[in-house]
Each structure stands twice: as C-alpha cells, then as structure tokens.
Amino acid sequence: MDADLAPAAIRVLVFGAALRTDSTNARLASLAAGLVADSGAEVDLARMRDFAMPLYDGDVEDAEGLPPGALALSERIGQCHAFVISSPEYNASVPGPLKNAIDWVSRVRPQPFKTKHALLLSSSPSMIGGNRGLWALRVPLEHLGTRVYPDMFSLPRAHEGFTDDGRLAHPGAQERLAETVSGFMRLVCADVRFVCLHRRWYEFPGDRTDAPVTQRVED
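Its first residue numbered 88, the sequence shown is counted upward by one per residue in the working numbering.
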C-alpha cells in the first residue's frame with residue numbers, strides 16, 4: 088500500500104488514576120495498554136502523578152491561569168483519538184484527584200474531552216471492584232462530550248488479582264478484559280477511519296456557536 092494512502096495510526100492515552108506508587112490501577116492500566124498496543128494502536132501510557140495540579144480554585148485560575156499539570160493532561164488528551172482510565176473507587180465515587188483533574192481540564196478551550204472515546208476500568212480490594220466509582224465517573228465525562236464506551240471492566244480483590252508477569256490471575260477475568268478492550272478498539276478504529284459525518288458541537292444544551300460544521304469523509 089502507498090504510504091500516503093495507509094490509514095492513520097490510532098492513538099490512545101492510557102493512565103491509572105491513583106496516586107499511590109504500587110497501585111493496582113496502575114498495573115491494570117499497564118495491562119490494558121499492552122492490549123491496546125496489540126490492536127495496532129499507538130499507546131501513550133501515563134500515571135496520575137504526571138499531571139500534578141492544585142485543587143481547582145476559580146481565583147487561582149483568574150490570577151494565574153491553568154496549572155502546568157492540567158495543560159499537560161489537556162495536551163495529551165488532545166493528541167489522542169481515545170483514552171482509557173483505570174480508576175480506584177473512593178467511598179463509592181470518583182477519587183478526588185481524578186475529579187479535580189477533570190474540573191481543571193474542562194476549563195480548556197476548545198474542550199479536549201469532547202468527541203473522544205473513553206473506556207473505563209477499575210480495580211479494588213473489595214468484592215465490587217470499584218464499579219460504583221465508574222458509574223459516577225461517567226457523569227462528568229459524558230457531560231463534557233466524551234463518548235464513554237458502554238462496557239466497563241472492574242477487578243475485585245485486586246490485591247490478589249495479578250500474576251507475577253502482570254496478567255490477571257483469573258483466566259476468565261483476563262479474557263473478559265481482552266474482549267472489552269478489543270471491542271472498544273474496534274469502535275474507535277471504525278469511527279476514526281470509516282465514518283462520514285457532519286457535526287456542530289455545543290458546550291451545553293441551548294448554547295449557540297459560530298463554530299463551523301466539521302466534516303470528515305474517507306475517500
């Protein structure tokens with residue numbers, strides 16, 4: 088195939104949303120990154136500590152602008168077609184550092200979350216596996232225009248859920264994670280490479296914009 092006609096590489100940001108160094112969510116993110124790479128996509132693997140930022144404060148934003156960590160995360164999201172988050176669950180909801188990062192990045196214009204595909208994963212020592220936190224995480228992401236994949240993956244009893252080589256200890260869990268990532272990547276590839284569409288995006292319902300209709304047509 089002529090290099091000029093070769094399909095564009097799919098780029099995916101993958102990161103664990105826990106700050107703890109030995110987080111099982113960092114391990115799950117690393118495992119997911121390998122599965123994404125197996126699909127032929129380019130992977131940008133990151134950790135939450137790569138995007139350090141203070142608590143959101145409107146006065147700080149007015150006086151100093153957006154912090155470097157928020158700008159770095161915004162740039163990394165902007166460079167990808169999709170992102171995968173592996174998040175812990177804090178008190179049945181989204182961990183504070185991740186929600187804070189979303190709040191800061193939501194202030195960037197144009198909005199980097201909008202139209203990106205997202206896959207949500209979680210791990211937890213509990214029997215629920217962090218699933219309640221993922222349902223809470225969907226809300227701000229979908230509000231910002233992210234296309235959150237319907238299927239999610241949660242790993243219960245995560246402290247005993249990995250083998251020494253980084254795979255999941257339970258074969259059924261490993262298979263289910265692989266199937267979830269594979270389905271997500273098929274959707275992302277189809278949207279990036281084959282869909283013909285016309286769009287005009289609004290920040291909120293009832294908003295008005297002078298932004299042009301965007302078009303993407305595959306020859």
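No residue lacks a Cβ here, since even glycine has one placed at the ideal position from N, Cα and C.
If the five residues before and after F240 are omitted, its C-beta is found closer than 6 Å to the C-beta atoms of L208, L264 and T267, all from its own chain and listed in chain order.
Burial state of N178 is exposed, judged by a 10 Å Cβ sphere holding fewer than 16 other Cβ atoms. For P199 and E162, the gap between their C-alpha atoms comes out near 8 Å. At a Cβ-Cβ threshold of 7 Å, L242 and G216 count as neighbours. By the Cβ rule, the region 125-134 does not count as touching the region 143-152, because fewer than three pairs are nearer than 8 Å. Residue pairing for Y177: DSSP places it in a beta bridge opposite S180. For the pair V192 and V101, the CB atoms are not nearer than the 7 Å cut-off. Excluding five sequence positions before and after G248, the CB atoms of its chain that fall closer than 8 Å to its own CB belong to T111, S210, L242, L255, A256, H257 and A260, given in chain order. For L207, the secondary structure class from DSSP, reduced to helix, strand or coil, is strand. Secondary-structure assignment with DSSP links A169 through a beta bridge to V99 and H204.
Burial state of L118 is buried, judged by a 10 Å Cβ sphere holding 16 or more other Cβ atoms. Taking each of H168, P175 and T233 in turn and checking the Cα distance to R273, the smallest one comes out for H168. In the displayed model, R114 falls within a helix according to three-state DSSP.
The straight-line gap separating the alpha-carbon atoms of D238 and H204 is approximately 12 Å. Between the alpha carbons of L206 and Y236 lies a distance of about 5 Å. Checking the DSSP bridge columns, you'll see R134 partnered with G103. The residue among L231, P227, L106 and E129 with its C-alpha nearest the C-alpha of F138 is L106.
Counted as a single uninterrupted DSSP element, the alpha helix (DSSP H) harbouring S269 occupies residues P258 to R280.
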